[in-house]
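S.K.: The structure's right below; bear with me while I get my questions together.
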Amino acid sequence: MEVGRIADAYLEWIERTRALDLSLAADWLLMAATLVHLKSLELLPRPPAILEEEEQDPRDALIQQLQEYERVKAAADVLETFPRVGREIHVRPPREAPTGPAPLAPGDVFALLDLFHEILARGGPPEVTFQADDSGPDFGLCCRRVLALLGGKGGRVDLGTILVSLRTPAERVVTFVGVLEMVRLGWLDIEQERHLAPVSVLQVVEDEALDLHLLTGWVEEGEPGEQMTLPLGGRSA
Amino acid sequence: MSEGILEFPQRPGGVDPELVAGVEALLFAAGSPLAVPVIAQALGEPADEVRLALQVLEQRRRDSGVVLDRVAGGWQLRTAPRFAAAVHHLLGTRPQKLSRSASEVLAIVAWRQPVTRPEIERLRGVDSGGVLKHLVDRGLVRTAGRTEDPGRPLLYRTTALFLEVFGLPDLAALPTLAEREGMVRGLGPTDEEEVPPASEVSPPEGAERSEE
Amino acid sequence: MSEGILEFPQRPGGVDPELVAGVEALLFAAGSPLAVPVIAQALGEPADEVRLALQVLEQRRRDSGVVLDRVAGGWQLRTAPRFAAAVHHLLGTRPQKLSRSASEVLAIVAWRQPVTRPEIERLRGVDSGGVLKHLVDRGLVRTAGRTEDPGRPLLYRTTALFLEVFGLPDLAALPTLAEREGMVRGLGPTDEEEVPPASEVSPPEGAERSEE
Chain A
40 MEVGRIADAY
50 LEWIERTRAL
60 DLSLAADWLL
70 MAATLVHLKS
80 LELLPRPPAI
90 LEEEEQDPRD
100 ALIQQLQEYE
110 RVKAAADVLE
120 TFPRVGREIH
130 VRPPREAPTG
140 PAPLAPGDVF
150 ALLDLFHEIL
160 ARGGPPEVTF
170 QADDSGPDFG
180 LCCRRVLALL
190 GGKGGRVDLG
200 TILVSLRTPA
210 ERVVTFVGVL
220 EMVRLGWLDI
230 EQERHLAPVS
240 VLQVVEDEAL
250 DLHLLTGWVE
260 EGEPGEQMTL
270 PLGGRSA
Chain B
97 MSEGILEFPQ
107 RPGGVDPELV
117 AGVEALLFAA
127 GSPLAVPVIA
137 QALGEPADEV
147 RLALQVLEQR
157 RRDSGVVLDR
167 VAGGWQLRTA
177 PRFAAAVHHL
187 LGTRPQKLSR
197 SASEVLAIVA
207 WRQPVTRPEI
217 ERLRGVDSGG
227 VLKHLVDRGL
237 VRTAGRTEDP
247 GRPLLYRTTA
257 LFLEVFGLPD
267 LAALPTLAER
277 EGMVRGLGPT
287 DEEEVPPASE
297 VSPPEGAERS
307 EE
Chain C
97 MSEGILEFPQ
107 RPGGVDPELV
117 AGVEALLFAA
127 GSPLAVPVIA
137 QALGEPADEV
147 RLALQVLEQR
157 RRDSGVVLDR
167 VAGGWQLRTA
177 PRFAAAVHHL
187 LGTRPQKLSR
197 SASEVLAIVA
207 WRQPVTRPEI
217 ERLRGVDSGG
227 VLKHLVDRGL
237 VRTAGRTEDP
247 GRPLLYRTTA
257 LFLEVFGLPD
267 LAALPTLAER
277 EGMVRGLGPT
287 DEEEVPPASE
297 VSPPEGAERS
307 EE
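Below, the structure is given as structure tokens:
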């Protein structure tokens, strides 16, 4: 074998790899490097000590690998001789599965993984994290504040006035939701004389009829006695 | 009447059995009804011959489990009606595959567990409560405590049945996206499209709800 | 191709023609391979009777266009190979091919399973990730846990679909390569040096969907 020609091809390949599949190039480089190495071992004299140290002649390793690959190719040939569904053989086309409970078919974990990847790649809506902290508005407190302003059955207050009086946007949102919730409970009414006129809030039941515990249920899955805190503290993206 | 073949004098021996076999193979593989000219063309035989073969086949299959019917201007092999109950029984107990949406939710739970429903819905961008319930009902997903997040949402995990159905010895055997990507990087003749970067990969071990 | 139904009735120890018809109906309706117990359960008949009925059916269909084959631990009706061209013509399909590299990787997985990707690549001498992914996507190969080796690489096996597609009753039906090519057992390295454990060399015992 001519080392120079191998080396030239080797270098030419290194040039080409920039535009090619790196793993393919790596395979080729390994082969070329092995061949050059073998040739160099043949050309250069080596002290006997090193020869003994060599566990295995690299040529043997290469030959063995080539033999193994020959076997792989032979096995693939055997596989090719089998009549195959989709090639020589056809089966009945798949049908719609009937509805109803049925055992689960064996799943394909890579298909699942691809799906997961697809979902992640989709990106989804921008992430919004709501953070509840001690300074966040208290739902119950906001509701009680509105009730205090109304001052009993028949009391009427302008909704805009209530909301503007609040310090933070979060308090305004919580209070607004609280008003809606109290309307739902039948405690308050909302009135507006005409289109675009100010909206007023009207208390329609006696204070005694107000069961503030009902507001507790607003926070789903909240534990009894837990402080009612809405997850609307501050936005942090 | 049982010997329809004999009505055609020019062929006292009946139709070429190989043609009958070919017609049967085509009807079987097609599934849907086939018109005579379609069969004739596929086999490269005259339509009249095919018609005769169909009659032979119809006759022959009359008492079997699969009969030849004229349907929608063509011919179709169908199970004999008297076996409807057994067929229904069989197909009703045949393994079922997960729907696309169920697979999506399951994938998220598998690789992100433990994970909350809000997180699942954030990733999918659609309400997933019903699908999640379906997966819990099917025993593929279970609840596993709650987070300390507002509303204290439930956490979900996959079950032992999940491992069984997907042939996994344990959760650590879940392939990672990096591994999948590594497969794609090969030089194989894959027509698969590029898989997005692995930056979003979270291996199952590190599946602590990444909340960033 | 004389009609089997007429040959069997009232034969002492013979099979009820109606059972044969029922078995045929189920196999036809299912499409995919059915194991004996599944058929028996759907028909409410003893498994032994069903087995006899299958033999009768197999015999009867031998020269027809649709034959009964043992595949993937069960029984399946399939078109006879000699009609492949006509069926492809009819369906407008072309014979599905595996690339040379896919055949090689599949061969390694088939004869060596369970096997890791590094082992596959050692045998072929080239990166095989893309090909492996292609085979997984086609449902011919699946993962089966991990080794304890460094990096805990995934193990790969062939699937039930592999058996179905290649018409094998089970993995034991894979011919040993020694038989064919005068080779030493399996794909393993030749001589005494580093022969892998026998379990990995010879056709693995038992398909995943072994019958009964």
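Here the protein sequences come in this chain order: A, B and C.
Each number in the working numbering comes from the position in the first sequence (counting from 1) with 39 added on.
Each number in the working numbering comes from the position in the second sequence (counting from 1) with 96 added on.
Each number in the working numbering comes from the position in the third sequence (counting from 1) with 96 added on.
Using N, Cα and C, we set each Cβ at its ideal position, and we do this for glycine too.
Can you give the Cα-Cα distance for B/Phe-179 and C/Gly-118, rounded to whole angstroms?
M.R.: Start at 1 with the first residue of the second sequence, and residue 179 of chain B comes out as number 83. Start at 1 with the first residue of the third sequence, and residue 118 of chain C comes out as number 22. Their backbone Cα atoms lie some 6 Å apart in a straight line.
S.K.: 8 Å is my cut-off, CB to CB: does C/Gln-137 come that close to chain A?
M.R.: The residue given as residue 137 of chain C occupies position 41 in the third sequence. Cβ-Cβ to chain A under 8 Å: no for C/Gln-137.
S.K.: Shorter than 8 Å from the beta carbon of A/Val-238 to some beta carbon of chain B?
M.R.: Taking the first residue of the first sequence as position 1, residue 238 of chain A is located at position 199. By this cut-off, A/Val-238 is not an interface position.
S.K.: Do B/Pro-271 and A/Leu-287 have their beta-carbon atoms positioned less than 8 Å apart in this structure?
M.R.: This structure does not reach residue 287 of chain A, given that chain A is present from 40 up to 276, and the question cannot be answered.
S.K.: Could you tell me the alpha carbon to alpha carbon distance between C/Val-134 and C/Ala-126, rounded to whole angstroms?
M.R.: Locating residue 134 of chain C in the third sequence gives position 38, counting from the first residue. Locating residue 126 of chain C in the third sequence gives position 30, counting from the first residue. One C-alpha to the other measures close to 11 Å.
S.K.: May I ask you to verify whether the segment 200-215 of chain A touches the segment 181-191 of chain A, counting CB pairs closer than 8 Å and requiring at least 3?
M.R.: Yes, since at least three Cβ pairs between the segment 200-215 of chain A and the segment 181-191 of chain A fall closer than 8 Å, the two stretches touch.
S.K.: Quick check: is the beta carbon of C/Ser-160 nearer than 8 Å to any beta carbon in chain B?
M.R.: Position 64 of the third sequence holds residue 160 of chain C. At least one chain B Cβ lies under 8 Å of C/Ser-160.
S.K.: Let me know the secondary structure DSSP gives C/Arg-248 once reduced to three states.
M.R.: For the purposes of this step, residue 248 of chain C is identified with residue 152 of the third sequence, where counting begins at 1. C/Arg-248: coil per DSSP, three-state reduction.
S.K.: Any beta-carbon of chain A closer than 8 Å to the one on C/Trp-207?
M.R.: The residue labelled residue 207 of chain C in the question sits at position 111 within the third sequence. Chain A contact via Cβ: present.
S.K.: Using a C-beta to C-beta distance shorter than 8 Å, which residues of chain B count as neighbours of A/Ile-158?
M.R.: As a first step, residue 158 of chain A is located in the first sequence; it is residue number 119 there, counting from the start. Within chain B, the residues near A/Ile-158 are Glu-200, Ala-203, Ile-204, Leu-219 and Arg-220.
S.K.: Check whether the Cβ of B/Phe-258 lies closer than 8 Å to any Cβ atom in chain C.
M.R.: On the second sequence, position 162 is the one that residue 258 of chain B refers to. B/Phe-258 does not count as touching chain C.
S.K.: Would you decide whether A/Arg-131 is buried or exposed? Buried here means 16 or more other CB atoms lie within 10 Å of its CB.
M.R.: Along the first sequence, one-based indexing puts residue 131 of chain A at 92. Classification of A/Arg-131: buried, given that the 10 Å Cβ count is 16 or more.
S.K.: CB-CB under 7 Å to A/Glu-119, same chain, minus the five flanking residues each way: which ones, in chain order?
M.R.: Start at 1 with the first residue of the first sequence, and residue 119 of chain A comes out as number 80. So the list is empty, once near-sequence residues are dropped.
S.K.: Under the assumption that C/Leu-316 contacts C/Leu-123 (Cβ atoms under 8 Å), give the Cβ distance between them as a whole number of angstroms.
M.R.: An answer regarding residue 316 of chain C cannot be provided, because it is not within the stretch 97 to 308 covered by chain C.
S.K.: Taking only beta carbons into account, state which residues of the segment 120-135 of chain B come closer than 8 Å to chain C, listed in chain order.
M.R.: Per Cβ criterion, the list reads Glu-120, Ala-121, Leu-122, Phe-124, Ala-125, Ala-126, Leu-130, Val-134 and Ile-135.
S.K.: Let me see if you follow: with CB-CB separation under 8 Å, is A/Ala-100 close to chain C or not?
M.R.: Within the first sequence, the letter at position 61 stands for residue 100 of chain A. A/Ala-100 does not count as touching chain C.
S.K.: Rounded to a whole number of angstroms, what is the C-alpha to C-alpha distance between A/Leu-186 and A/Thr-207?
M.R.: Against the first sequence, residue 186 of chain A aligns to sequence position 147. Against the first sequence, residue 207 of chain A aligns to sequence position 168. Going by the C-alpha atoms only, they are around 19 Å apart.
S.K.: Considering only DSSP beta bridges, list what B/Ile-135 is partnered with.
M.R.: In the second sequence, counting from the first residue as 1, residue 135 of chain B sits at position 39. Paired residue(s): none; B/Ile-135 is not in a bridge.
S.K.: Excluding sequence positions up to five away, which residues of its chain have a Cβ less than 6 Å from the Cβ of C/Gly-241?
M.R.: On the third sequence, position 145 is the one that residue 241 of chain C refers to. Cβ within range, chain order: Leu-251.
S.K.: Quick one: using the 10 Å Cβ neighbour count with 16 as the cut-off for buried, is B/Gly-161 buried or exposed?
M.R.: Within the second sequence, residue 161 of chain B is the residue found at index 65, counting from 1. It is buried - the Cβ of B/Gly-161 has at least 16 other Cβ atoms within 10 Å.
S.K.: Candidates B/Gln-209, B/Lys-229 and B/Gly-221: which alpha carbon is nearest B/Ala-268's?
M.R.: Locating residue 268 of chain B in the second sequence gives position 172, counting from the first residue. Of the listed residues, the one whose Cα sits closest to B/Ala-268 is B/Gln-209.
S.K.: Return helix, strand or coil for B/Gly-188, following the three-state DSSP convention.
M.R.: Residue numbering aside, residue 188 of chain B sits at position 92 when the second sequence is read from its first letter. Correct three-state label for B/Gly-188: helix.
S.K.: Going by the CB atoms, is the gap between C/Thr-255 and C/Val-227 shorter than 8 Å?
M.R.: As a working mapping, residue 227 of chain C is identified with position 131 in the third sequence. As a working mapping, residue 255 of chain C is identified with position 159 in the third sequence. In this structure, C/Thr-255 does not lie closer than 8 Å to C/Val-227 by Cβ.
S.K.: My assumption, with CB atoms under 8 Å, is that C/Arg-253 sits in contact with C/Val-201. Please give the rounded CB distance.
M.R.: Translated into the one-based positions of the third sequence, residue 253 of chain C becomes position 157. Translated into the one-based positions of the third sequence, residue 201 of chain C becomes position 105. Not quite, the Cβ-Cβ distance comes to about 13 Å (not below 8 Å), so this is no contact.
S.K.: With 16 as the cutoff for other CB atoms within 10 Å, does A/Ile-31 come out buried or exposed?
M.R.: No answer is possible for residue 31 of chain A: it lies beyond the span of chain A, which begins at 40 and ends at 276.
S.K.: Name the two residues that bound the continuous alpha helix (DSSP H) containing A/Leu-189.
M.R.: Translated into positions along the first sequence, residue 189 of chain A becomes position 150. 178-189 is the extent of the alpha helix (DSSP H) around A/Leu-189.
S.K.: Based on Cα-Cα distance, which residue from A/Arg-126, A/Val-240 and A/Gly-43 lies nearest to A/Ser-79?
M.R.: In the first sequence, the residue the question calls residue 79 of chain A occupies position 40. The option with the nearest alpha carbon to A/Ser-79 is A/Gly-43.
S.K.: Given that C/Pro-191 touches chain A, what residues does it touch there, using C-beta distances under 8 Å?
M.R.: Within the third sequence, numbered from 1, the residue matching residue 191 of chain C stands at position 95. Within chain A, the residues near C/Pro-191 are Gly-125, Arg-126 and Glu-127.
S.K.: To the nearest angstrom, report how far apart A/Pro-263 and B/Asp-245 are at their CA atoms.
M.R.: Residue mapping note: residue 263 of chain A aligns to position 224 of the first sequence, counting from 1. Residue mapping note: residue 245 of chain B aligns to position 149 of the second sequence, counting from 1. Unreliable placement is indicated for A/Pro-263, whose pLDDT of 39 sits below 50; the coordinate value is still reported in the next sentence. Each residue's alpha carbon lies about 17 Å from the other.
S.K.: Is C/Gly-221 closer than 8 Å to A/Gln-104 when the C-beta atoms are compared?
M.R.: Here residue 104 of chain A is taken as the residue at index 65 of the first sequence, counted from 1. Here residue 221 of chain C is taken as the residue at index 125 of the third sequence, counted from 1. A contact, by the Cβ cut-off of 8 Å.
S.K.: CA-CA distance, A/Leu-253 and A/Asp-246?
M.R.: Taking the first residue of the first sequence as 1, we reach residue 253 of chain A at position 214. Taking the first residue of the first sequence as 1, we reach residue 246 of chain A at position 207. If I take the Cα positions, the gap works out to 14 Å.
S.K.: On the DSSP bridge list, what partners appear for C/Trp-171?
M.R.: What you label residue 171 of chain C is simply residue 75 of the third sequence in a count that begins at 1. DSSP lists C/Leu-130 and C/Arg-166 as partners of C/Trp-171.
S.K.: In three-state terms, what does DSSP make of C/Thr-255?
M.R.: Residue mapping note: residue 255 of chain C aligns to position 159 of the third sequence, counting from 1. Looking at C/Thr-255 - three-state DSSP - the assignment turns out to be coil, as it is neither helix nor strand.
S.K.: Closer than 8 Å, CB to CB, is A/Arg-110 near chain C or not?
M.R.: For the purposes of this step, residue 110 of chain A is taken as residue 71 along the first sequence, with counting starting at 1. Yes, A/Arg-110 lies at the interface with chain C (some Cβ there is under 8 Å from its Cβ).
S.K.: Can you find the residues in the same chain that come closer than 8 Å, C-beta to C-beta, to C/Val-261, ignoring five residues on each side of it along the sequence?
M.R.: For the purposes of this step, residue 261 of chain C is taken as the residue at position 165 of the third sequence. Only Leu-236 meet the Cβ criterion.
S.K.: Taking C/Gly-44 as the query, report the chain B residues whose CB atoms sit under 9 Å from its CB, ordered along the chain.
M.R.: Residue 44 of chain C is absent from the structure shown; chain C starts at 97 and stops at 308.
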